[in-house]
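One structure below.
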Amino acid sequence: MPRGPSDVRSDLLEFANSWVHLIAGGRYDFVDHFVVSNSRKYILQLVERLRAISNPPSVHILDRAVGQSDAARDFNRAQVLKLRRTLESWSGSAFDSTALADAVRRYNRRAAEMMRIAGLRERPEPRLSGLDAIRAIAIARWMHSADFLEQVTNVTESPPLPGVPLFLSGSGQDQDIVYAAAEMAGAIIVGECHPWSARLLEQQIGDGDPFDAVAEHYARNADFVVPLREWTDVVAQRFKRSGAHALLNFVYAHDDGMLWEGPSQTAVCAGPHVMLAGQPYRVDTGAIADAVADLCRAWAA
Amino acid sequence: MGGMSLPAVMERMRAVDAVRAIQRQWVKDTRESVAQGGPFAICNGDECEELFIALGVPVLAINYWNYLILAQGKRERMTELLNEAGYPGDHFFGFALAASLSPADAPWGGLPHPTLICASTRSDMETRVCELWAEREGCDSLVMDFSFPAPPFEPLPQQWWVRLREDWETMLDADRLDYRVAVERDLIGRIEAMTGRSLAGGALAETMARINTQMALWAEAQQLIAQAPRCPVHIRDQISMYQAMWHRGTQRGIDLIRDYRDETAARVVDGVGAYADERFRLYYSVQVPPWHAEIEERYGAVAVCCSYSNVPDLYWRKFDPADPLRALAARHMMLFSWGPERIIDIARRHRCDAAIVVEPSMANGPSEQSRAVEAAGIPYCAIPRPTDDEEVRGIIARFIETRLC
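Chains A and B supply the protein sequences, listed in that same order.
According to numbering that gives the first Met the number 0, numbering within the first sequence proceeds without interruption in unit steps and concludes at 300.
According to numbering that gives the first Met the number 0, numbering within the second sequence proceeds without interruption in unit steps and concludes at 404.
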């Protein structure tokens, strides 16, 4: 039985179920170790569920304090050191600072590419679809940075793309179907701020000792930003930068934290807006099409 | 959580009437105090109330207010208010925020304006609700990292509820506890600045000692309930007494629970049973079963205990009088856990014939928990939600008829 309050249950979140089923069902039986990030509260419940399956992978929790104090940053920096020790014990070898420095350089080149890709999407003439952008972001997230950097040069501008320029917020989009559905319905997604956006990927790691730099980077860049007014400012800045004229707030069922950010965002993002809440993970593309149609009508009015 | 059908006739305990009267008066007194410039704080339950109490600041636990809203039948109205404000869905934790949007709909005339709202990090949703509320009230908010539950990353030991009293430090991640202590020290600084008072001089240690006294009395009362030949206190009253939690660590809180213990003891001596027909004794995993009247009348199946009625005992902590904050911060992170061992322990102590447990994911088949409880010889009935509806009643009726009768 998962720990935690009944209003945040990982067995109600389909991405968490998906992970557990893939591992328990043997499809990911090659996974020996699992790093779970405490970037969102419900993610930790995944740990309990993983422990309950037979032959679970070993788990390391990359913890996080959400506060903004010096003590919070010190705590978060220390978590990177703990992760380092775990990774060294799993691999049986010590970290190579030179190799990490190279990885940091590639990370920063990737961050620059993320900014370049973002630039291709910005108004007045977006030259990259949101669908292509989210796919590029996804492979940036999951592909080894050396391989990604070879691929990303293929992400180049296209002729100007039509469509109502739309900004997407709400639940993390770990699949591209929302983007595909919205853009088929007449929008072009020019920016986003959900947990699977490029927001954090665009941030460069600083100079100096690579371990310290990575730790500082982790401490200063959070997925879940507090206080709410600071997060709302981030969303407003990204909305403005993207040149969007409308806002779609798309929230999966049981992803309740996102619901409570919506009205604050609509208050600072000029233009028509729609919230689609309680959405199934197996996305209802019809609901998206209807929402985009509403936004297009409102935008044209 | 749906509407609850209360039993037809059963006098409330005098202790329960007392705590209910005190709560209403407390809100009135706090409103007057704030009107005269006094501070008032809001936080989630088991977040940091003791720090305010020790410094004499009235503090309200959000979920207490939410439960009061439910008890007054205002759930639909609060949901309507939240939906109109752009927050779709039905969200228990948001009810207090909703009440602030329409004070005329709030219980007892609503709450006074707070000076500070401590934002729980129990979930992202709770953090945001607290922040929104603070924005609305124009007051400060402080995010409290590692709110309960922040259990250890390593599995808890067997019988953790026994070891928690003295070995609490071994059941938490040390760096999280260190950080939480820092967060609470920061809060203490804010409260001291707010009030001009100081925690130096032992006020917190005195509060912690009073908590231990209060909870020891509460545990005695629950022991009397568990051991009595007939259950002397209706589950409704057991839960109603929970309101004394909002006076945790105060002399008033001690007095309320001492009276409850004494009244319970007198009922046991007099052979008073809370239920006219006590044929089957049940453990319930939430609070007051909303279908209780139905199964009591039909089968003589009565709830003699629940998870909440056995929580007060878990507040007792051994602490260092020179550093009480560490024990308190630890308890704010880890008050209790869940799991089949705890259900088995409570059910056995109360001589329960069965356990009825809310399992939202019961459609996926028997849970590991159900298997463990059944293996311990306690029939286990899983229901999908803590509401009173045809499906839930049907499941319970079939269970009683096939497993207990």
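Backbone N, C-alpha and C fix where the C-beta goes; we use that ideal spot for every residue, glycine too.
Residue i versus residue j: straight-line alpha-carbon distance, rounded
i, j, result
"residue 287 of chain A", "residue 386 of chain B", "33 Å"
"residue 176 of chain A", "residue 206 of chain A", "38 Å"
"residue 300 of chain A", "residue 81 of chain B", "29 Å"
"residue 310 of chain B", "residue 85 of chain A", "36 Å"
"residue 329 of chain B", "residue 171 of chain A", "33 Å"
"residue 252 of chain A", "residue 42 of chain A", "15 Å"
"residue 275 of chain A", "residue 222 of chain A", "21 Å"
"residue 5 of chain A", "residue 158 of chain A", "With a pLDDT of only 36 at residue 5 of chain A, under 50, the local geometry of the prediction cannot be trusted, and the value read off the model is given with reservation. Those two C-alpha atoms are separated by around 49 Å."
"residue 56 of chain A", "residue 49 of chain A", "8 Å"
"residue 90 of chain B", "residue 37 of chain B", "31 Å"
"residue 31 of chain B", "residue 114 of chain B", "14 Å"
"residue 280 of chain A", "residue 50 of chain B", "42 Å"
"residue 52 of chain B", "residue 213 of chain A", "41 Å"
"residue 1 of chain A", "residue 368 of chain B", "Because the pLDDT at residue 1 of chain A is just 31, under 50, the model does not fix this residue reliably, and the value given afterwards should be weighed accordingly. The alpha-carbon atoms of residue 1 of chain A and residue 368 of chain B are separated by roughly 11 Å."
"residue 169 of chain B", "residue 157 of chain B", "13 Å"
"residue 285 of chain A", "residue 224 of chain B", "56 Å"
"residue 374 of chain B", "residue 283 of chain B", "18 Å"
"residue 146 of chain B", "residue 225 of chain A", "15 Å"
"residue 53 of chain A", "residue 25 of chain A", "10 Å"
"residue 137 of chain B", "residue 258 of chain A", "22 Å"
"residue 186 of chain B", "residue 103 of chain B", "32 Å"
"residue 67 of chain B", "residue 43 of chain B", "14 Å"
Proximity test, Cβ basis, 7 Å: residue i and chain A
i, result
"residue 156 of chain B", "no"
"residue 152 of chain B", "yes"
"residue 419 of chain B", "The shown model of chain B, from 0 to 404, leaves out residue 419 of chain B, and the question about it has no answer."
"residue 378 of chain B", "no"
"residue 231 of chain B", "no"
"residue 346 of chain B", "no"
"residue 1 of chain B", "With a pLDDT of only 41 at residue 1 of chain B, under the threshold of 50, the placement of this residue in the model should not be trusted, and no figure is reported."
"residue 191 of chain B", "no"
"residue 180 of chain B", "no"
"residue 123 of chain B", "yes"
Of the residues the options, the one placed nearest residue i, counting alpha carbons only
i, options, result
"residue 334 of chain B", "B:105, B:256, B:171 and B:132", "B:171"
"residue 116 of chain B", "B:273, B:24 and B:60", "B:60"
"residue 15 of chain A", "A:190, A:187, A:39 and A:236", "A:39"
"residue 153 of chain A", "A:138, A:167, A:163 and A:159", "A:138"
"residue 87 of chain A", "A:254, A:59 and A:203", "A:59"
"residue 29 of chain B", "B:58, B:132 and B:176", "B:58"
"residue 78 of chain A", "A:37, A:106 and A:123", "A:37"
"residue 324 of chain B", "B:395, B:69, B:180 and B:140", "B:180"
"residue 198 of chain A", "A:255, A:183, A:140 and A:182", "A:140"
"residue 97 of chain A", "A:113, A:208, A:257 and A:215", "A:208"
"residue 197 of chain B", "B:184, B:20 and B:209", "B:184"
"residue 276 of chain B", "B:16, B:288, B:262 and B:298", "B:298"
"residue 341 of chain B", "B:331, B:356, B:327 and B:332", "B:356"
"residue 370 of chain B", "B:343, B:396, B:383 and B:248", "B:343"
Min CB distance residue i to chain B below 7 Å
i, result
"residue 227 of chain A", "yes"
"residue 74 of chain A", "yes"
"residue 223 of chain A", "yes"
"residue 239 of chain A", "no"
"residue 15 of chain A", "no"
"residue 180 of chain A", "no"
"residue 256 of chain A", "yes"
"residue 42 of chain A", "no"
"residue 60 of chain A", "yes"
Interface partners of residue i on chain A, CB under 9 Å
i, result
"residue 53 of chain B", "Correct list: empty, because the minimum Cβ distance to chain A is about 22 Å."
"residue 364 of chain B", "Those do not exist, as residue 364 of chain B stays about 12 Å from chain A at its closest Cβ, beyond 9 Å."
"residue 281 of chain B", "Those within 9 Å of residue 281 of chain B in chain A number zero; the least Cβ separation is about 19 Å."
"residue 90 of chain B", "6, 255, 258 and 259"
Closer than 7 Å at the beta carbon, the chain B residues around residue i
i, result
"residue 260 of chain A", "127"
Closer than 8 Å at the beta carbon, the chain B residues around residue i
i, result
"residue 65 of chain A", "120, 126, 142 and 144"
Bridge partners - residue i, DSSP secondary structure assignment
i, result
"residue 197 of chain A", "According to DSSP, residue 197 of chain A bridges with nothing at all."
"residue 280 of chain B", "B:301"
"residue 178 of chain A", "None, per the DSSP bridge assignment."
"residue 143 of chain B", "B:119"
"residue 90 of chain B", "None; residue 90 of chain B has no bridge partner."
"residue 379 of chain B", "B:354"
"residue 273 of chain A", "A:247"
"residue 151 of chain B", "Bridge partners of residue 151 of chain B: none, in fact."
"residue 164 of chain A", "A:187"
"residue 250 of chain B", "DSSP lists no partner for residue 250 of chain B."
Closer than 6 Å: residue i CB and nearest the ligand SAM heavy atom
i, result
"residue 309 of chain B", "The ligand SAM is absent from the structure shown, which contains no ligands of any kind."
Contacts of residue i in chain A (Cβ-Cβ under 8 Å)
i, result
"residue 383 of chain B", "By Cβ distance, chain A contributes nothing, its closest Cβ being about 12 Å from residue 383 of chain B, past 8 Å."
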